[in-house]
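Chains as they are written, first to last, in the numbering used here: chain A, 8 to 222; chain B, 43 to 696. Each residue gets a CB set at the ideal place from its N, CA and C atoms; glycine is no exception. Bear in mind that the values here come from a model prediction, so they are computed numbers and not experimental data. For reference, the structure discussed in these notes is given below.
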Amino acid sequence: MSESIFGQLKDAIIGLDANKAKEIAQKGINDGLDPIEMTNQSIRAALDLMGDRFSSGSIFLPELMLAAKAADAAVVVFEPELLKRGGNRDQLGKVLLLTVEGDIHDIGKNIVALVMKCAGFEVIDIGTDKKSGEILEAAKMHKVDVIGLSALLTTTMPRMREMIDLLKESGLRDQYRVIVGGAPVTKEFADMIGADGYGTDAIGAVEVTRRLLGK
Amino acid sequence: MNPQYGLGIDVGGTYTDVVFLNLTSGKVVAYVKTLTTRPDPSEGIWSALTKITKELLHQVRVVSLATTFATNAIVEERGGEAGLVLIGYDDQIPDMPRGTHVLMVDGGHTVLGEEKAPLDFKPLESNLEAFLKGLDAVAVTGFFSVRNPDHELKIAQFIKRKCDLPVVLGHQLSMRLDAIRRATTAWWNARLIPLIWNLIKGTREVLSEMGILAPLMVVKGDGTLMSARTALNRPIDTLLSGPAASIVGAKHLSGSENNFNAFIVDMGGTTTDMAILVDGKVYIDPEGAQVGRWKTHVEAAKVRTIGLGGDSLISVDDAGLFLIGPQHVMPLCVLAERDPRTIDILKMILRNISKASHRSMIPCSFYVKAHPQGSTGKKTLPNYMQSDFVSEFLVLGDPKRWSSVLDLKSYEKGGFVVRSSLTPTDIRVAAGQFQFGSQEAAQLGLSIFARYVGMDESYFSEAVEEEIRRRLCLETIAFVDNADAEDLFWLGRRWFREKSFHKPLVDLDIRVTLTSPVIGAGAPAAAYLPMAFRQLNTECILPDAFSVTGAVGAVVGMVSLTLTGEIRPTDSRRYSLHTPAGKETFNTLEQALSRGQLLLEALAREQMQENHVADPVINFSIEEKKILTHSGEEVYLATVLYVRATGRPAKSGL
Chain A
8 MSESIFGQLK DAIIGLDANK AKEIAQKGIN DGLDPIEMTN QSIRAALDLM
58 GDRFSSGSIF LPELMLAAKA ADAAVVVFEP ELLKRGGNRD QLGKVLLLTV
108 EGDIHDIGKN IVALVMKCAG FEVIDIGTDK KSGEILEAAK MHKVDVIGLS
158 ALLTTTMPRM REMIDLLKES GLRDQYRVIV GGAPVTKEFA DMIGADGYGT
208 DAIGAVEVTR RLLGK
Chain B
43 MNPQYGLGID VGGTYTDVVF LNLTSGKVVA YVKTLTTRPD PSEGIWSALT
93 KITKELLHQV RVVSLATTFA TNAIVEERGG EAGLVLIGYD DQIPDMPRGT
143 HVLMVDGGHT VLGEEKAPLD FKPLESNLEA FLKGLDAVAV TGFFSVRNPD
193 HELKIAQFIK RKCDLPVVLG HQLSMRLDAI RRATTAWWNA RLIPLIWNLI
243 KGTREVLSEM GILAPLMVVK GDGTLMSART ALNRPIDTLL SGPAASIVGA
293 KHLSGSENNF NAFIVDMGGT TTDMAILVDG KVYIDPEGAQ VGRWKTHVEA
343 AKVRTIGLGG DSLISVDDAG LFLIGPQHVM PLCVLAERDP RTIDILKMIL
393 RNISKASHRS MIPCSFYVKA HPQGSTGKKT LPNYMQSDFV SEFLVLGDPK
443 RWSSVLDLKS YEKGGFVVRS SLTPTDIRVA AGQFQFGSQE AAQLGLSIFA
493 RYVGMDESYF SEAVEEEIRR RLCLETIAFV DNADAEDLFW LGRRWFREKS
543 FHKPLVDLDI RVTLTSPVIG AGAPAAAYLP MAFRQLNTEC ILPDAFSVTG
593 AVGAVVGMVS LTLTGEIRPT DSRRYSLHTP AGKETFNTLE QALSRGQLLL
643 EALAREQMQE NHVADPVINF SIEEKKILTH SGEEVYLATV LYVRATGRPA
693 KSGL
């Protein structure tokens, strides 16, 4: 029975069906399945697969987003259960996510947020068009381990460098790992501005975050 | 053409070295080693100079000084009283001792050099008198002042109208980011100002007494030189100047090619400094110099300093293992020369010593008054110090007086009492490898210690030397391979300790190889370094005059400075130029570039003149920071401007 719930949940996400994903997730909880195991075996597996398909060009961004939404619907069901267990959720680390000042694109960032949550990170998403001062305040307040900066415009990419400079000037550069991403962002750019990591896509972002935190 | 002569002076922890060098041929003509004097090092400089003929001294064209005074002051947390004004800082400030005068004012700038908040003079206006009370100097630093120094300059102007104290500005010391380190750097610079004034004044008096009228230079922590006048305002730049001078000197003396890589080991009386030469240049710590717990922005050689030298204290730990250092003491051979009673007491101890019962005692250890003829200041010494000469063995022989040793240790810390004991120097003197002080005292000390640990004398001497070589190799591994390589360090530790004493017939062996040659420097270098580095499978070069490399490096050094500026795109598609002269905005990149070059070159020329260089070589270069996106679009981030000026200091008009 439980075998099939894992399979069904994975299929629901790949089938982009949020309602079904939610329903199966609830069923799993009612049957006493471990939400972490479900996250790892079903949701991550589904998102890894969709991520690969997206990377290879066999699906497009809207499909990936719908899959992410379906995954999120399941995660919402797990969340109270996970919180009850305490601690477990933030064992991997706390990540602050946002889109930089002057940039209101949030699709990419939202997908990264979802995939990271599913992977077991605690994600604090403070939205779009964030000034470097606000970002630093949020990072301090939430005591995050990682700051993830997203920019979708070439004109807002310099804001990423400014954020890193602000951390340096504040004497806090060692306190946070900074990762950058977004359509125009390249590895070369990440290296040039002194970021700690760069992911080509949401899955890549999770991988680099894991590596940075030594998980 | 007549040869040009220079005088190099290196004031170290134990010794003051003076070198008289032919600048035209690069050859050392004469050198002298004397003991460093405290608190006034110019006495030691004077006594060294008296040993060089007047005729030579009159031909000196430039004098250059390397000194550990800044490093020592920071390690010992000693200096003038300095206040700190912080502009636009939040709760993050340097961790300064309680009672430090700190004034927080609103203001500061953003990453692009725009005002973060208007500058607020009110806290200054209402508290200035109380703030300035008892201070020797003031440091002022602003948030992002390296992007716009305007607020620092305004506060400095305000303070200077009210008092005559030196005012240090953060952006003038470093253009690096990190407001905390900038504040630390500026505050320590301010604290060092009264100390360097005394040092420079004393040195100048000695030089003029000797009839030397040449310009006085001071070595910086990166091995380059600055004029004494510049040093008076930027004493923090002398951090690690001793080791840096030694690297430059070692390279010069080894006559190596310019693109040479080497590992430099300078073993002195108190410490051993390790540093790296990359492509013939001093390897600079990319993080900025760190001394003790203080992290600064000073451009200085990356140096590992260990408390191991010729005059290190030899002791035994609870497990019966030898410890060399980190404390340094007066060798017995020196004490006996200063006070002939030493020999008789050592003979008496040797008659009474048996194998140790309590390890905490060092049987041949003495405490003597720091200033035999002079007073000990206001502090009175305990009764048994009236004889100004105490043997640890005799005190500890009487259990009622054990606690006195603790007292003595605190007097020693205060500088009223000097400890003397068996050192590696004594062991070499005893063996006749080195003529220095009383060989008889050294031999007696060695006999006492060997009997105390129940060893044959020659085996004991060998064990001490083995331990020194082991430490040198391990510290090399830790330094070259970074602290991250703990595994290798521990493996090496085990290897060096166990493999050197027990050699089973069938065993595993590992070889660690240092890929660069070692250039050895310092008085005890010949005794230990060549054999030590054979264990790391590399050769150790000992140049001529290797015992005075610091003084050589001081005088062969160049004046060299790099000024940087940066151009950044603004939100409104204009270009802002950030230089030490301030922030300006331009419509085109070309305008910003030519203005930046003009400003930096003028500043470089001015600074070179202040450093006695009349005809500097000035190079301008830029680094464009731009990248292509995946779609091939160009993103422009910044242009960094560099002006590098170099030259040799010389007496003007000659």
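- Item | Option nearest B/Gly322 by Cα separation, candidates B/Thr314, B/Gly330, B/Val105 and B/Phe302 | B/Phe302
- Task: Tell me, please, whether the region 244-258 of chain B touches the region 190-197 of chain B by the rule of three or more beta-carbon pairs shorter than 8 Å.
- Result: no
- For chain A, is any of its Cβ atoms less than 8 Å away from the one on B/Val153? yes
- Spatial neighbours of B/Ile36 in its chain, beta-carbon cut-off 8 Å, leaving aside the 5 residues before and after: As shown, chain B starts at 43 and ends at 696. That puts residue 36 of chain B outside it, with no answer to give.
- Segment contact flag, the region 191-206 of chain A with the region 225-243 of chain B, C-beta cutoff 8 Å, min 3 pairs: no
- Task: Kindly indicate if chain A contains any beta-carbon less than 8 Å away from that of B/Ala221.
- Result: yes
- Is it buried or exposed for B/Val307, if we count other Cβ within 10 angstroms and need 16 for buried? buried
- What's the C-alpha gap between A/Asn117 and B/Lys668? 28 Å
- Query: How long is the line joining the alpha carbons of B/Leu145 and B/Ile129, rounded to whole angstroms?
  - Reply: 9 Å
- Message: Strictly below 9 Å CB to CB, what residues from chain B border A/Thr3?
- Response: There is simply no residue 3 of chain A to check, as chain A begins at 8 and stops at 222 in what is shown.
- What did DSSP end up calling A/Leu159 once you bin it into helix, strand or coil? coil
- Message: Under 7 Å, CB to CB, which of the residues in the region 113-138 of chain B have a partner in chain A?
- Response: Gln134
- Who are the Cβ neighbours of B/Lys202 in its own chain at under 8 Å, not counting the five residues just before and after it? Val209
- Whole-angstrom distance between B/Leu77 and B/Ile660, CA atom to CA atom: 40 Å
- Query: When the Cα atoms are used, what is the spatial distance from B/Ser614 to B/His672?
  - Reply: 25 Å
- List the whole-angstrom C-beta distance separating B/Phe185 from B/Lys164, where the pair is believed to meet the contact cut-off of C-beta under 8 Å. The pair is not a contact, with the Cβ atoms about 18 Å apart (cut-off 8 Å).
- Query: Taking the alpha carbon of B/Pro368 as the point to measure from, which residue in B/Glu454, B/Lys337 and B/Thr313 has its own alpha carbon closest?
  - Reply: B/Thr313
- Contact check, B/Asn240 vs B/Ile278 under 8 Å by CB: the rounded distance? Actually they do not touch by this definition, with Cβ atoms about 16 Å apart.
- With a cut-off of 8 Å, does the C-beta of A/Phe67 fall near any C-beta of chain B? no
- Task: Note down, in chain order, every chain A residue with its Cβ under 7 Å from the Cβ of B/Phe186.
- Result: Glu176
- Message: Within a Cβ cutoff of 6 Å, which residues of the same chain sit near B/Gly419, ignoring the five residues on either side of it in sequence?
- Response: Residue placement at B/Gly419 cannot be trusted, given a pLDDT of 45 that sits under 50; what the coordinates show is reported in the next sentence. There are no such residues.
- Endpoints, beta strand (DSSP E) assigned at B/Leu679: Glu676 to Gly689
- Task: State the Cα-Cα distance for the pair A/Glu214 and A/Ala197, rounded to the nearest angstrom.
- Result: 16 Å
- B/Lys667 touches chain A at which residues, Cβ-Cβ below 8 Å? Met199
- is_contact[B/Thr338, chain D] using C-beta, thresh 8 Å: This model lacks chain D altogether, as its protein chains are A and B.
- Query: If we ignore side chains and look at the alpha-carbon of each, how far apart do A/Leu179 and B/Thr226 end up?
  - Reply: 15 Å
- Taking only beta-carbon positions, decide if B/Thr183 is within less than 8 Å of chain A. no
- Task: Pull up the distance between the alpha-carbon of B/Met138 and that of B/Met372, whole angstroms please.
- Result: 34 Å
- How is B/Phe364 classed by DSSP in three states: helix, strand or coil? strand
- chain A contact for B/Ser673 (CB, 8 Å cutoff): yes
- Three or more C-beta pairs closer than 8 Å, one from the region 286-298 of chain B and one from the region 552-565 of chain B: is that the case here? yes
- With burial defined as no fewer than 16 other Cβ atoms inside 10 Å of the residue's Cβ, what is the status of B/Lys175: buried or exposed? exposed
- Query: For the alpha helix (DSSP H) that contains A/His149, what are its first and last residues?
  - Reply: Ser139 to His149
- Which residues, taken in chain order from the region 185-199 of chain A, show a beta carbon closer than 8 Å to some beta carbon of chain B? Ala190, Pro191, Val192, Thr193, Glu195, Phe196 and Met199
- Straight-line CA distance for B/Phe435 to B/Arg470? 23 Å
- Task: Please check if any C-beta of chain A sits within less than 8 Å of the C-beta of B/Val677.
- Result: yes
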